[in-house]
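Asks: Once you've had a glance at the structure underneath, I'll fire off some questions.
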Amino acid sequence: MSETRIRYNKDFRGREAVIKVLGVGGGGGNAVNRMVEADVRMVEFVAINTDAQDLRRSKAPNRIQIGESLTKGLGVGGDPERGRQAAMESVDVIKESVADADLLFITAGMGGGTGTGGAPVVAQVAREANPDALLIGVVTRPFSFEGKQRTDQAQAGIHELRKHLDSLLVIPNDRIRSEVDREASSQESYRLADDVLRQAIQGISDVITSAGELNVDFADVKKIMIKSGEALIGIGAASGPERHLEAAQRAIHSPMLENAVINGAKGLLVNFTSNRDIKLVEISEAMEYITKTANPEAAIKHGQVFDENMGDELKITVIATGFPAKRSELAGDLARLRNRGKRPRIDDDFPQAEETQRASAYGDNFDKPAYLRRQPGARRLK
């Protein structure tokens with residue numbers, strides 16, 4: 002008969018998941034600053050930019066200037082192709098920064114130069130350097146008033162970035178207008194956009210790094226988000242006796258979602274943030290409400306984060322994954338058409354987004370983003 006040996010805590014070996022956030026360009030760098038200010042735990046922050054002045058102001062402990070020879074530290078003037086070239090120039094230092102990550106977030110404000118052109122290169126380098134890592138993109142789509150060129154550049158950058166990621170969350174800045182007081186300054190509005198990026202990333206990382214009664218580890222998150230395609234995020238908070246149901250309702254109908262609802266999600270990651278007084282019945286009823294909207298076969302995980310500063314408030318963050326890219330792109334296009342007062346035509350099979358339809362005229366160049374099509378001699382990362 003074999004003898005069973007009791008092992009004490011000191012005998013167990015392991016390591017924490019290495020989580021990194023790479024903020025690319027001005028928008029990505031601003032989001033990283035918000036996370037540093039919020040003291041997001043057990044996450045390593047890296048700011049990547051072509052603008053040396055912006056990097057000097059960054060609060061990230063790790064900063065990478067890309068394209069130093071190309072741009073002389075002066076930025077790329079909103080040109081995604083120059084942003085791409087700048088990232089290509091600095092592939093080695095980018096590769097070094099991502100080599101040991103288990104979970105890598107790439108965040109950027111799409112539509113400009115460095116983020117739009119550089120983020121896809123960063124993602125591709127990360128995928129090739131660390132094929133086992135979980136890669137998640139969290140980006141914003143520009144306000145419609147910023148113009149068609151910026152919108153088209155953003156769509157092209159999102160299309161290119163998506164190729165290298167396990168999951169991509171696209172947050173439309175236009176939805177922020179429903180969250181901002183009319184008297185708010187433009188600076189406050191843009192700061193809110195940065196903070197939404199922060200909440201999306203923190204909503205995932207906190208589930209892994211924070212101790213709670215309901216344990217969700219990195220493997221749980223990876224199972225739900227690996228190769229999951231499009232993702233949506235909803236955040237809701239409430240106080241009072243029905244706080245759990247009110248917070249759940251606000252989360253799944255969040256105006257920040259690219260789509261209006263999360264029905265059909267194939268994976269759900271739900272995070273409850275509260276003080277330690279949260280009741281099991283609150284978690285149970287909130288989860289029942291949320292899971293009714295998901296695919297019956299969906300993989301579902303929920304976790305807790307304790308924050309004694311919450312008081313009576315309960316915050317629920319829902320990450321829903323597994324949406325087809327075309328459907329998510331269409332949702333964004335429909336929202337923009339509604340904002341312009343036009344009535345969209347909806348086909349049962351979800352037609353391709355405007356940018357994709359327009360790209361078909363380029364024949365074999367269909368999958369190339371607009372800024373690469375304009376540069377037939379542009380180099381690609383090998």
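The numbering used here applies: residue 2 is where the sequence shown begins, and numbers increase by one.
From the three backbone atoms N, C-alpha and C, an ideal C-beta is built for every residue, glycine too.
Just to check my reading of the structure: I20 and D103 have Cβ atoms closer than 8 Å, yes? What is that Cβ distance to the nearest angstrom?
Replies: In the sequence shown, the residue the question calls residue 20 occupies position 19. In the sequence shown, the residue the question calls residue 103 occupies position 102. With a Cβ gap of about 7 Å, I20 and D103 count as contacting.
Asks: With DSSP as the reference, label I177 as helix, strand or coil.
Replies: On the sequence shown, residue 177 is found 176 positions in, with the first residue counted as 1. Correct three-state label for I177: helix.
Asks: Just list the residues that DSSP pairs R64 with in beta bridges.
Replies: Counting from 1 along the sequence shown, the entry for residue 64 is found at position 63. In the DSSP output, where bridge partners are listed per residue, R64 has A48.
Asks: Drop a sphere of 10 angstroms on the beta-carbon of E184, count the other beta-carbons inside from all chains shown, and report buried for 16 or more, exposed for fewer.
Replies: Within the sequence shown, numbered from 1, the residue matching residue 184 stands at position 183. It is exposed - the Cβ of E184 has fewer than 16 other Cβ atoms within 10 Å.
Asks: For my contact list, E90 and S70 are in at a C-beta cut-off of 8 Å; report their separation, rounded to the angstrom.
Replies: The count along the sequence shown starts at 1 and reaches residue 90 at position 89. The count along the sequence shown starts at 1 and reaches residue 70 at position 69. Confirmed, Cβ separation roughly 6 Å.
Asks: Quick one: what does DSSP say I20 is sitting in, helix, strand or coil?
Replies: Taking the sequence shown and counting its residues from 1, the one referred to as residue 20 is at position 19. The answer is strand: DSSP assigns I20 an E or B state.
Asks: Which of helix, strand or coil does DSSP assign to R183?
Replies: To locate residue 183, count along the sequence shown from 1; it is residue 182. The answer is coil: DSSP assigns R183 none of H, G, I, E or B.
Asks: Write down the C-beta distance between I387 and L270 rounded to the nearest angstrom, noting that I regard them as a contact closer than 8 Å.
Replies: Any property of residue 387 remains undetermined from this structure, which presents the chain solely from 2 to 383.
Asks: Bridge partners for K302 per DSSP, in chain order?
Replies: Start at 1 with the first residue of the sequence shown, and residue 302 comes out as number 301. Paired residue(s): L270.
Asks: With distances taken between CB atoms, is the gap from A201 to L315 smaller than 9 Å?
Replies: Residue numbering aside, residue 201 sits at position 200 when the sequence shown is read from its first letter. Residue numbering aside, residue 315 sits at position 314 when the sequence shown is read from its first letter. It is not a contact, given that the beta carbons lie outside the stated cut-off.
Asks: Count the CB pairs spanning the region 117-136 and the region 171-181 that are closer than 8 Å, and state whether there are at least three.
Replies: Result no; under three Cβ-Cβ pairs closer than 8 Å.
Asks: Give me the Cα-Cα distance between A18 and V306, rounded to the nearest whole angstrom.
Replies: Within the sequence shown, the letter at position 17 stands for residue 18. Within the sequence shown, the letter at position 305 stands for residue 306. One C-alpha to the other measures close to 17 Å.
Asks: Assuming contact is defined by CB atoms lying nearer than 9 Å, are G29 and T51 in contact in what I supplied?
Replies: On the sequence shown, position 28 is the one that residue 29 refers to. On the sequence shown, position 50 is the one that residue 51 refers to. For G29 and T51, no; Cβs fall outside 9 Å.
Asks: How is the beta strand (DSSP E) around I137 delimited, first residue to last?
Replies: On the sequence shown, residue 137 is found 136 positions in, with the first residue counted as 1. First-last of the beta strand (DSSP E) with I137: 135-142.
Asks: Can you give me the C-alpha to C-alpha distance between R346 and H254, rounded to a whole angstrom?
Replies: Counting from 1 along the sequence shown, the entry for residue 346 is found at position 345. Counting from 1 along the sequence shown, the entry for residue 254 is found at position 253. Because the pLDDT at R346 is just 36, under 50, the model does not fix this residue reliably, and the value given afterwards should be weighed accordingly. Using only the alpha carbons, I get a separation of about 23 Å.
Asks: Confirm, please, whether the CB-CB distance from R64 to A48 is below 9 Å.
Replies: Looking up residue 48 in the sequence shown gives position 47. Looking up residue 64 in the sequence shown gives position 63. Yes. Within cutoff.
Asks: For T72, which residues does DSSP report across the bridge?
Replies: As a first step, residue 72 must be located in the sequence shown, where it is residue number 71. Per DSSP, none; premise fails for T72.
Asks: Quick one: measure Cβ to Cβ for V22 and T108, integer angstroms, because I've assumed they're closer than 8 Å.
Replies: Against the sequence shown, residue 22 aligns to sequence position 21. Against the sequence shown, residue 108 aligns to sequence position 107. With a Cβ gap of about 6 Å, V22 and T108 count as contacting.
Asks: Run the CB neighbour count on A39, radius 10 Å, all protein chains shown included, and call it buried at 16 or more, exposed below.
Replies: The residue labelled residue 39 in the question sits at position 38 within the sequence shown. Exposed, by the Cβ-count rule.
Asks: Just how far apart, CA to CA, sit P297 and T318?
Replies: In the sequence shown, the residue the question calls residue 297 occupies position 296. In the sequence shown, the residue the question calls residue 318 occupies position 317. Going from the Cα of P297 to the Cα of T318 covers about 20 Å.
Asks: Which same chain residues end up closer than 6 Å to D308 when comparing Cβ atoms and leaving out the 5 residues on each side of it in sequence?
Replies: Within the sequence shown, numbered from 1, the residue matching residue 308 stands at position 307. Hits under 6 Å: T274.
Asks: Find out if the Cβ-Cβ distance for the pair I236, K302 is shorter than 9 Å.
Replies: Translated into positions along the sequence shown, residue 236 becomes position 235. Translated into positions along the sequence shown, residue 302 becomes position 301. It is not a contact, given that the beta carbons lie outside the stated cut-off.
Asks: Count the other CB atoms within 10 Å of the CB of V139; is the residue buried (16 or more) or exposed (fewer)?
Replies: Here the question's residue 139 lines up with position 138 in the sequence shown. Buried.
Asks: What residues are listed by DSSP as bridge partners for K316?
Replies: Here residue 316 refers to the residue found at position 315 of the sequence shown. BP columns for K316 point to A238, T274.
Asks: Taking the straight line between their C-alpha atoms, what separation do you get for G241 and R251?
Replies: Mapped onto the sequence shown, residue 241 falls at position 240. Mapped onto the sequence shown, residue 251 falls at position 250. Taking the straight line joining both Cα atoms gives about 14 Å.
Asks: With DSSP collapsed to three states, give me the class of V77.
Replies: Reading the sequence shown from its first residue, position 76 is the one you call residue 77. If DSSP states are grouped into helix, strand and coil, V77 belongs with coil.
Asks: Express the C-alpha separation of K96 and V122 in angstroms, rounding to a whole number.
Replies: Counting from one through the sequence shown, the residue named residue 122 turns up at place 121. Counting from one through the sequence shown, the residue named residue 96 turns up at place 95. So the two alpha carbons sit approximately 10 Å from each other.
Asks: Between A266 and the rest of its own chain, which residues show a CB-CB distance below 8 Å, the 5 nearest in sequence each way excluded?
Replies: As a first step, residue 266 is located in the sequence shown; it is residue number 265 there, counting from the start. Closer than 8 Å at the Cβ level, and outside the excluded window around A266, lie L233, T294, A295, N296, A299, A321, T322, G323, F324.
Asks: By DSSP, does E231 sit in helix, in strand, or in coil?
Replies: Within the sequence shown, numbered from 1, the residue matching residue 231 stands at position 230. Looking at E231 - three-state DSSP - the assignment turns out to be strand.
Asks: Taking V197 as the reference, which of G158, N276, E147, G110 has the closest Cα?
Replies: What you label residue 197 is simply residue 196 of the sequence shown in a count that begins at 1. It is G110.
Asks: The alpha helix (DSSP H) spanning I95 covers which residue range?
Replies: Looking up residue 95 in the sequence shown gives position 94. Taken as a continuous stretch (DSSP letters only), the alpha helix (DSSP H) holding I95 covers 92-99.
Asks: What three-state label does DSSP hand I291 in the structure shown?
Replies: One-based indexing of the sequence shown puts residue 291 at position 290. Of the three classes helix, strand and coil, the one that applies to I291 here is helix, per DSSP.
Asks: Classify I172 as helix, strand or coil using the three-state DSSP reduction.
Replies: Along the sequence shown, read from residue 1 onward, the residue named residue 172 stands at position 171. Of the three classes helix, strand and coil, the one that applies to I172 here is strand, per DSSP.
Asks: Secondary structure at F351, three-state DSSP: helix, strand or coil?
Replies: By one-based count along the sequence shown, residue 351 stands at place 350. Confidence in F351 is poor, its pLDDT being 29 and thus under 50, which makes the residue's placement too unreliable to answer from.
Asks: Keeping to the same chain, check which residues put their C-beta closer than 6 Å to that of R42; ignore five residues upstream and five downstream.
Replies: Indexing the sequence shown from 1 puts residue 42 at position 41. Answer for R42: T210, listed in chain order.
Asks: Quick one: what's got a C-beta closer than 8 Å to Q54's C-beta in the same chain, skipping five residues either side?
Replies: Translated into positions along the sequence shown, residue 54 becomes position 53. For Q54, where only same-chain residues beyond five positions count, the Cβ hits under 8 Å are G74.
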